[in-house]
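Residue numbers (my numbering): 331 to 491. The structure appears right after this line, and notes come after that.
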């Protein structure tokens, strides 16, 4: 990480991670994501530390990995499920995060073409830990409501009035 980028805010670092372009790998002969391969010096690997994570940026791809403070197993299960679903829907969220992290975003020129507003995606990534934890409150509330309604119905079916 360069000393100047050390003082950038997280949003600016994420924006820099989006600065990727197609690059034909000299080893593979195709536009293979350098951030996945990491086998040659031409990838130009840079790392940027975030308040709650790490960016690994190469010339044609980036990984933005975040840590989310998970409070209980239910939140952990929800995060794993939402990551797998977002992977299927977008390809931008990896189905499994990088080791030691809670969620990893995968950035390539092809995936960025699918995005209507890069600024919205930058904000989404920056705010994801807070957004996710807020959404877990809604999920728990919905589950609690389901539990109460189902318990009443099952008690009724058991003949308990």
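Note that CB positions come from ideal geometry on N, CA and C, so glycine has one too. Quick caveat: nothing in here was measured; it's all calculated off a predicted structure.
I'd like to check one pair, residue j with residue i: are the Cβ atoms closer than 8 Å?
i	j	result
residue 347	residue 385	yes
residue 409	residue 462	yes
residue 392	residue 366	no
residue 345	residue 452	yes
residue 464	residue 405	no
Using 8 Å for Cβ pairs, my map puts residue i next to residue j. What's the rounded Cβ distance?
i	j	result
residue 438	residue 427	17 Å between Cβ atoms; not a contact.
residue 445	residue 389	Going by Cβ atoms, the distance from residue 445 to residue 389 rounds to 19 Å, so no, they are not a contact pair.
residue 417	residue 425	4 Å
Decide if residue i is buried, meaning its Cβ has at least 16 other Cβ atoms within 10 Å, or exposed.
i	result
residue 359	exposed
residue 332	Confidence in residue 332 is poor, its pLDDT being 47 and thus under 50, which makes the residue's placement too unreliable to answer from.
residue 487	exposed
residue 394	buried
residue 387	buried
residue 429	exposed
residue 373	buried
residue 343	buried
Nearest CA to the CA of residue i: which residue from the options?
i	options	result
residue 443	457, 429, 460, 422	422
residue 383	447, 341, 490	341
residue 339	464, 456, 440	456
residue 361	476, 458, 440, 420	440
residue 403	475, 476, 490, 470	470
contact_flag[the stretch 477 to 486, the stretch 372 to 390] where n(CB pairs < 8 Å) is 3 or more: No: fewer than three Cβ pairs fall under 8 Å.
Cβ contact (3+ pairs, closer than 8 Å) linking the stretch 341 to 360 and the stretch 397 to 414: no
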